[in-house]
Amino acid sequence: MYIKRTFIKIFGAFLSGVFLISALSSFSYASYDDPFLQQCIKIAESRDQKLVVAYEQIQLAEIRSTRAARAFFPQIMLQHTNSKGTTAMSAVGLSGFVKDEYNAEEYGVRAMQTIFEGYRTQGTYKYETMMVDAARFNYTKTREELLTKVKLAYYEYLTLNQEYKALGKAYDIVDNLFIKIRNEYKAKAISELDMVEAENFKDKVSDMLSAARINLGFSVKKLIETVGIHSLDDINAKVSDELSDDVTEITFTLQDLLSFILTNNLDVQTAKVQAQMAEMKIKINRSKIIPKFYLEGFYGKSGEAFTTEPLELTTAWSASLRMSWGLWGNSLEASYNNEHTDPSTIVDASKRVDTTSYDVKLALLDDMGYFVDTKESKVSYNQTSSDYVEVLKVRRLETEKAYNDYLNSLNSARTSRKEIILRERKLALMKRRNDLYEVPTVSLMEESWKYAEAISSYARSNYQNHASVTEMERLTLMPLR
Numbered sequence: 004m005y006i007k008r009t010f011i012k013i014f015g016a017f018l019s020g021v022f023l024i025s026a027l028s029s030f031s032y033a034s035y036d037d038p039f040l041q042q043c044i045k046i047a048e049s050r051d052q053k054l055v056v057a058y059e060q061i062q063l064a065e066i067r068s069t070r071a072a073r074a075f076f077p078q079i080m081l082q083h084t085n086s087k088g089t090t091a092m093s094a095v096g097l098s099g100f101v102k103d104e105y106n107a108e109e110y111g112v113r114a115m116q117t118i119f120e121g122y123r124t125q126g127t128y129k130y131e132t133m134m135v136d137a138a139r140f141n142y143t144k145t146r147e148e149l150l151t152k153v154k155l156a157y158y159e160y161l162t163l164n165q166e167y168k169a170l171g172k173a174y175d176i177v178d179n180l181f182i183k184i185r186n187e188y189k190a191k192a193i194s195e196l197d198m199v200e201a202e203n204f205k206d207k208v209s210d211m212l213s214a215a216r217i218n219l220g221f222s223v224k225k226l227i228e229t230v231g232i233h234s235l236d237d238i239n240a241k242v243s244d245e246l247s248d249d250v251t252e253i254t255f256t257l258q259d260l261l262s263f264i265l266t267n268n269l270d271v272q273t274a275k276v277q278a279q280m281a282e283m284k285i286k287i288n289r290s291k292i293i294p295k296f297y298l299e300g301f302y303g304k305s306g307e308a309f310t311t312e313p314l315e316l317t318t319a320w321s322a323s324l325r326m327s328w329g330l331w332g333n334s335l336e337a338s339y340n341n342e343h344t345d346p347s348t349i350v351d352a353s354k355r356v357d358t359t360s361y362d363v364k365l366a367l368l369d370d371m372g373y374f375v376d377t378k379e380s381k382v383s384y385n386q387t388s389s390d391y392v393e394v395l396k397v398r399r400l401e402t403e404k405a406y407n408d409y410l411n412s413l414n415s416a417r418t419s420r421k422e423i424i425l426r427e428r429k430l431a432l433m434k435r436r437n438d439l440y441e442v443p444t445v446s447l448m449e450e451s452w453k454y455a456e457a458i459s460s461y462a463r464s465n466y467q468n469h470a471s472v473t474e475m476e477r478l479t480l481m482p483l484r
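Numbering (my numbering), first residue to last: 4 to 484.
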């Protein structure tokens with residue numbers, strides 16, 4: 004019954020692992036509505052070698068778990084022995100020995116099954132299943148880190164592209180106004196100081212546009228390298244050129260996010276599994292002082308005969324009960340053995356047909372590794388337990404910092420967005436008044452420069468907001484918006 008339950012656990016663990024990996028893949032794609040980002044993620048996943056290695060580590064851990072489960076089942080060996088030789092026997096009335104050739108053959112099935120060994124086999128199996136969990140956590144962590152890199156590169160490209168387009172429009176306004184300023188200066192309607200000031204405003208907006216162009220070009224290269232494509236033309240989707248009207252809030256509070264850290268964070272879960280594995284090592288090592296009993300048996304055919312006689316095989320069997328016991332650095336071995344062979348084929352009077360034997364061995368201080376393993380397992384448990392507490396603390400602090408950055412960037416982005424709307428309305432009003440010569444053109448250029456600054460401020464805040472939300476998603480493994 005226990006063997007059946009173990010087999011069911013192995014099969015269930017395999018199915019859950021396959022389901023977990025496929026579910027995570029479909030879940031991530033469904034979390035993003037942006038077609039461009041979805042394609043970037045799919046391509047990056049299909050080409051990332053670290054992800055391939057992480058998946059192979061899961062397969063390796065599952066094989067090791069299956070190997071550990073094999074210990075619950077008997078070891079079976081098919082055996083066949085064939086031998087030829089020469090005997091030297093004394094003969095009555097003759098001096099010396101008489102040599103005769105003989106044949107011997109034996110075949111059958113030999114099996115060995117552990118009856119009881121404390122917690123060693125069960126503990127080893129549980130340890131290997133924990134290794135499977137750790138490998139799955141590592142796969143998901145590797146995947147989430149890749150997704151984070153892709154998302155950050157994409158959001159950087161998206162906001163810089165929108166900023167560059169918006170600054171381009173602002174520069175066109177300033178450039179047209181500068182032409183008007185120059186004409187006014189030629190007509191001596193304004194002073195040289197106004198002309199220099201207007202040129203300064205144009206240079207400022209030009210510098211902002213140039214910086215945006217350089218940053219945009221680098222963000223394109225960064226996105227290409229991160230996704231693993233040759234150019235953005237490989238992505239069959241478009242990104243928005245317009246700045247978003249607002250930044251979407253997340254629906255979770257800080258306390259919600261901190262609770263997700265305990266249950267979802269991959270580093271915390273990995274540290275927890277490692278602590279459990281270290282504890283399991285202690286249990287396995289302690290079980291060494293519990294006697295191990297196992298049964299070994301053989302059943303088959305055996306026989307021997309001189310070459311002058313036909314070789315006839317008859318039933319032969321043997322059974323032995325063995326015990327090994329680790330006694331705190333010493334080891335005790337004992338065995339009881341019973342062998343039986345049908346005497347019909349015996350050619351030698353000295354041949355034994357029934358044998359019962361006992362064997363006891365006590366080795367002194369032959370297992371000094373027991374003390375080393377005991378100390379190592381305790382040290383490892385203390386280390387992994389402290390690591391778990393430390394990782395939990397650090398990830399909670401990182402989550403709180405990311406949440407604070409999210410709030411600050413959210414407020415800053417909304418303020419900048421309001422300022423953009425204000426500057427647009429003010430520009431329209433000042434332009435009408437400038438047409439009526441009520442407002443100097445240089446003042447209109449100054450307002451255009453402030454409008455460009457508001458655009459840059461909003462783009463930076465927008466990216467910071469995306470980056471902080473992406474970081475929280477990585478830490479909590481939850482889609483936040």
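From the three backbone atoms N, C-alpha and C, an ideal C-beta is built for every residue, glycine too. Quantities reported herein were computed from a predicted structural model and do not represent experimental measurements.
For residue i: DSSP bridge partner residues
| i | result |
| --- | --- |
| K295 | S327 |
| H469 | None, per the DSSP bridge assignment. |
| T317 | S305 |
| N341 | A322 and T359 |
Close beta carbons around residue i, own chain, < 7 Å, minus the five adjacent residues each side
| i | result |
| --- | --- |
| L257 | E403 and Y406 |
| K168 | D244 |
| C43 | V153, Y157, V230 and I238 |
| N164 | L219, V242 and D244 |
| P77 | A114, M115 and Q116 |
| I176 | S451 |
| A470 | L155 and Y158 |
Contact belief for residue i with residue j at Cβ below 8 Å, rounded distance in angstroms
| i | j | result |
| --- | --- | --- |
| K291 | G126 | Not confirmed; about 11 Å, so no contact. |
| K224 | E159 | The Cβ separation is near 11 Å, so there is no contact. |
| T359 | N341 | 5 Å |
| S464 | E166 | At roughly 11 Å, the Cβ-Cβ gap does not stay under 8 Å, so S464 and E166 are not in contact. |
| S415 | A173 | Incorrect: roughly 20 Å between the Cβ atoms, too far for contact. |
| W328 | S334 | 7 Å |
| M326 | E336 | 7 Å |
| D51 | L149 | 5 Å |
Within-9 Å CB hit, residue i to chain B
| i | result |
| --- | --- |
| A74 | In summary, chain B is missing from the structure at hand, where a single protein chain is found. |
Residues near residue i by beta carbon distance below 6 Å, same chain, minus five either side
| i | result |
| --- | --- |
| R420 | Y461 |
| Y5 | Confidence at Y5 is low in this model, with a pLDDT of 41, below 50, so its placement is unreliable and the value that follows should be read with caution. No residues qualify anywhere along the chain. |
| N288 | D376, T377 and S380 |
| S446 | none |
| G121 | S290 and I293 |
| I253 | L483 and R484 |
| L480 | N267 |
| Q60 | A138 |
| I79 | A114 |
Same chain only: Cβ atoms within 8 Å of residue i, ignoring 5 sequence neighbours per side
| i | result |
| --- | --- |
| E401 | E474 and L478 |
| V442 | M433 and R436 |
| D103 | T89, T90, M92, F309, T310 and T311 |
| E427 | Y454 |
| Y128 | T9, S68, A71, A72, A74 and F75 |
DSSP-derived helix/strand/coil call for residue i
| i | result |
| --- | --- |
| D362 | strand |
| N268 | coil |
| E59 | helix |
| E166 | helix |
| L335 | strand |
| E456 | helix |
| E187 | helix |
| Y157 | helix |
| Y174 | helix |
| T310 | coil |
| E282 | helix |
| E476 | helix |
Requested in this report: Enumerate, from N- to C-terminal direction, the unbroken alpha helix (DSSP H) stretches of 4 or more residues contained entirely within the stretch 71–154.
Outcome: none
Query - Whole alpha helix (DSSP H) elements within the stretch 191–260, 4-residue minimum - result: 195–230
Requested in this report: Enumerate, from N- to C-terminal direction, the unbroken alpha helix (DSSP H) stretches of 4 or more residues contained entirely within the stretch 389–422.
Outcome: none
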